[in-house]
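Q:
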Amino acid sequence: MSKTKTPQAIRGTQDIFGPDAEAFAFVVETFERVRKLYRFRRVEMPVFEKTEVFARSIGETTDIVSKEMYSFEDRGGESLTLRPEFTAGIARAFLTNGWQQHAPLKLATHGPLFRYERPQKGRYRQFHQIDAEIIGAAEPQADVELLAMADQVIRELGITDVTLHLNTLGDGDSREAWRAALIEYFGAVRGELSEDSQERLEKNPLRILDSKDPRDRKFVADAPKIDQFLSDDARAFFDAVTSGLDAAGVKWTRAESLVRGLDYYRHTAFEFIPDEGSAAADALGSQSTILGGGRYDGLMESLGGAPTPAVGWAAGIERLAMLVDCASEQGADVAVVAENRDRETDAIALVANLRQHGIETEIFATGSPRKRFDRARKTDPGVIISLDIRDGEPSGTLKKHGRVPDAVMRIEALFANSGFETQ
RNA sequence: GCGAUCGUAGCUCAGUUGGUUAGAGCGCCGGUUUGUGGUACCGGAGGUCGCGGGUUCGAACCCCGUCGAUCGCCCCA
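Shown next as structure tokens:
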């Protein structure tokens, strides 16, 4: 007789439960509330797309495309991929559904994403993001509105010690000129760079700027700055963004070496990062960015669409949830205890009644009758209603405990004239 | 893909230089007690010591492999 083995969960997936699940839900609920304030419209997206949707928009040489995608062939032999991010799929939907007619379009969504990476603190193979995009808006005001919304989400989550790091990558020409200058600058000292950065020189020279390796860092300070290459338009755009943020009361700091990994970014690039040494930074380990995004004016063209300006961000729900003061799961408003087997049916009737009045109720009417009351107490409910038989007569008592939510007042009203003894 | 640390009960862990039938607390179930109650006590269920080899008279403990977890590098939310 061989025992059946329980299959294991897939590496990098999570079964979120208890306080973690409450924190997760709190993040999503807060996001939903705030996005309505900013009038972002809800969109539901497929979890998988044709592989080319991501390969063409994110950039073939990025790590995401070259080694982190969950790709597979469907039965028709077509290559499909589990989405590693939201933006590419949203861009595809914008083009294939004719959403140009709604432009400028403010969209919000959230859900699971998939990247084949080594899991660690704050990083999973299936992870979850909240996401906001403004498509078809070329004005810096769009960047400001989007960032103000991000800032408000974070503040309403009660997260502190997190700062908006802001940079501009300029327009396409500025970015190319800067990139060429960086290749020339770092190429001259190639042999003294870290092995990783020598490789970055080929694949993504901008990334050398935020290398952690001390061998690279000593050159980074004197590296060419994007500001030297900005066109007048690009500079004016960035100035408009920063002054708009100031007007909106969004605190930010300039981060000259902040670049984003994906090919499609132009102009504004930003990340919300915990301040060094803060509790938030500690909680996140080495995964410091909780929210990131930027402007992606070139993306639509890479998918065969008309040039369409757009800007967006995404934030990791798990990372945000780690920074939320997780109010542990509260006890029910009411616990109904049948302390006698003959009152179990009455208890069922009573909880049904309470729940129909919108009162969160838990029933304790199984197991040893003697232990039911104690079990109820341990769940820390607002009140306990005990049903028993005393002196041969049905009896009921209502006991209040520490927490007295509104619901309890309603319970008292409900039972004011029902013969319950209130304690 | 690379590196470090770690896998003993549902959970948190103990297990002394390798030495009989592997333990505790919490939780769970049943019971007793406490004169309306978060108590105490008794009993019970639950473990192929991650898995597979090896060394040894003897392995939870030592060695090798493997799987998994955690943290870091890379990259990213």
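For what it's worth, my numbering labels the leading residue of the first sequence as 90, then goes sequentially. Virtual Cβ for every residue (Gly too), placed ideally from N, Cα, C. Everything numeric in this text was worked out from a predicted model, so none of it was measured.
1. Would you call the region 144-157 and the region 340-359 touching, i.e. three or more CB-CB distances under 8 Å?
2. Kindly list the residues whose CB is nearer than 7 Å to the CB of I105, restricted to its own chain and excluding five residues on each side of it in sequence; keep chain order.
3. In the DSSP assignment, find the unbroken beta strand (DSSP E) run with L196 in it and report its ends.
4. Here's the rule: buried if 16 or more other CB atoms are within 10 angstroms of the residue's CB, otherwise exposed. What is T95?
5. Less than 6 Å between C-beta atoms, sequence neighbours within five positions excluded: which residues of the same chain meet that for V400?
6. Given T119, which residues of its chain have a CB within under 8 Å of its CB, disregarding the five upstream and five downstream residues?
7. Taking the continuous alpha helix (DSSP H) assigned at L443, which residues delimit it?
8. Within the region 441-491, note down every full alpha helix (DSSP H) run reaching 4 residues or more, in order along the chain.
9. Which residue comes first and which comes last in the beta strand (DSSP E) that contains T185?
10. Relative to the alpha-carbon of S283, which residue among A270, R268, S300 and Y274 has its alpha-carbon at the smallest distance?
11. For F129, name the three-state secondary structure that DSSP assigns.
12. Express the C-alpha separation of R306 and P298 in angstroms, rounding to a whole number.
13. Could you check whether the region 315-329 touches the region 250-270, counting it as contact only if at least three pairs of C-beta atoms, one from each stretch, sit closer than 8 Å?
14. Taking the straight line between their C-alpha atoms, what separation do you get for L202 and G261?
15. Alpha carbon to alpha carbon, how far is I362 from A180? Give it in angstroms, no decimals.
16. For H199, tell me which candidate among E206, F175, A438 and P208 has the shortest Cα-Cα distance.
17. Does the separation of the CB atoms of R296 and E281 fall below 9 Å?
18. Of the choices I452, A465, D371 and P193, whose alpha-carbon is the least far from that of V440?
19. Rounded to a whole number of angstroms, what is the C-alpha to C-alpha distance between A403 and W188?
20. Reducing DSSP to helix, strand and coil, say where G148 ends up.
21. Measuring CA to CA, which of V423, E433, A410 and T357 is closest to W324?
22. Specify, as a first and last residue, the run of the alpha helix (DSSP H) that A270 falls within.
23. If you draw a straight line from the C-alpha of M134 to the C-alpha of L334, how long is it?
A: On the basis of the coordinates in this document:
1. Contact between the region 144-157 and the region 340-359 is present: 3 or more CB-CB pairs across the two stretches fall below 8 Å.
2. Position 16 of the first sequence, counted from the first residue, corresponds to residue 105. If we look at I105 and ignore the five residues flanking it on each side, its Cβ neighbours are F113.
3. Looking up residue 196 in the first sequence gives position 107. L194 to F203 is the extent of the beta strand (DSSP E) around L196.
4. If you number the first sequence from 1, residue 95 lands on position 6. The residue in question, T95, is exposed, as its Cβ has fewer than 16 Cβ neighbours within 10 Å.
5. Looking up residue 400 in the first sequence gives position 311. Within the same chain, V400 has close Cβ partners I223, A231, D232, L235 and R384.
6. Stepping through the first sequence from its first residue, residue 119 is reached at position 30. Closer than 8 Å at Cβ, skipping near neighbours: V242, E245 and L246.
7. Stepping through the first sequence from its first residue, residue 443 is reached at position 354. It spans E433 to Q445 - the alpha helix (DSSP H) in which L443 sits, taken as one unbroken run.
8. Listed in chain order, the complete alpha helix (DSSP H) runs (minimum 4 residues) inside the region 441-491 are 458-467.
9. In the first sequence, the residue the question calls residue 185 occupies position 96. Boundaries around T185 are those of the alpha helix (DSSP H), T176 to T185, since no beta strand (DSSP E) includes it.
10. Stepping through the first sequence from its first residue, residue 283 is reached at position 194. Just measuring C-alpha positions, the residue of A270, R268, S300 and Y274 sitting nearest S283 is S300.
11. Within the first sequence, the letter at position 40 stands for residue 129. DSSP, read as helix, strand or coil, puts F129 in coil.
12. Stepping through the first sequence from its first residue, residue 298 is reached at position 209. Stepping through the first sequence from its first residue, residue 306 is reached at position 217. The question names Pro, yet the displayed sequence has Leu at residue 298. A straight-line Cα-Cα distance of about 8 Å links L298 and R306.
13. Taking one beta carbon from each stretch, the region 315-329 and the region 250-270 have 3 or more pairs nearer than 8 Å; the two touch.
14. In the first sequence, residue 202 corresponds to position 113, counting from 1. In the first sequence, residue 261 corresponds to position 172, counting from 1. Straight-line Cα distance between these residues: approximately 29 Å.
15. For the purposes of this step, residue 180 is taken as the residue at position 91 of the first sequence. For the purposes of this step, residue 362 is taken as the residue at position 273 of the first sequence. In this structure, the alpha-carbon of A180 lies about 26 Å from that of I362.
16. Taking the first sequence and counting its residues from 1, the one referred to as residue 199 is at position 110. The candidate whose alpha carbon is nearest that of H199 is F175.
17. The residue you call residue 296 lines up with position 207 of the first sequence. The residue you call residue 281 lines up with position 192 of the first sequence. Contact flag unset, no.
18. Against the first sequence, residue 440 aligns to sequence position 351. Comparing Cα positions, the closest option is I452.
19. By 1-based counting over the first sequence, the position of residue 403 is 314. By 1-based counting over the first sequence, the position of residue 188 is 99. Just so you know, the alpha carbons of A403 and W188 end up roughly 21 Å apart.
20. What you label residue 148 is simply residue 59 of the first sequence in a count that begins at 1. It is coil, neither helix nor strand.
21. Taking the first sequence and counting its residues from 1, one reaches residue 324 at position 235. In the sequence as presented, Trp is not what sits at residue 324; that position holds Arg. Looking at the Cα atoms, T357 is the closest of the given residues.
22. In the first sequence, the residue the question calls residue 270 occupies position 181. Where A270 is concerned, the enclosing alpha helix (DSSP H) stretches over G261 to G276.
23. Counting from 1 along the first sequence, the entry for residue 134 is found at position 45. Counting from 1 along the first sequence, the entry for residue 334 is found at position 245. Take the alpha-carbon of M134 and the one of L334: they are about 30 Å apart.
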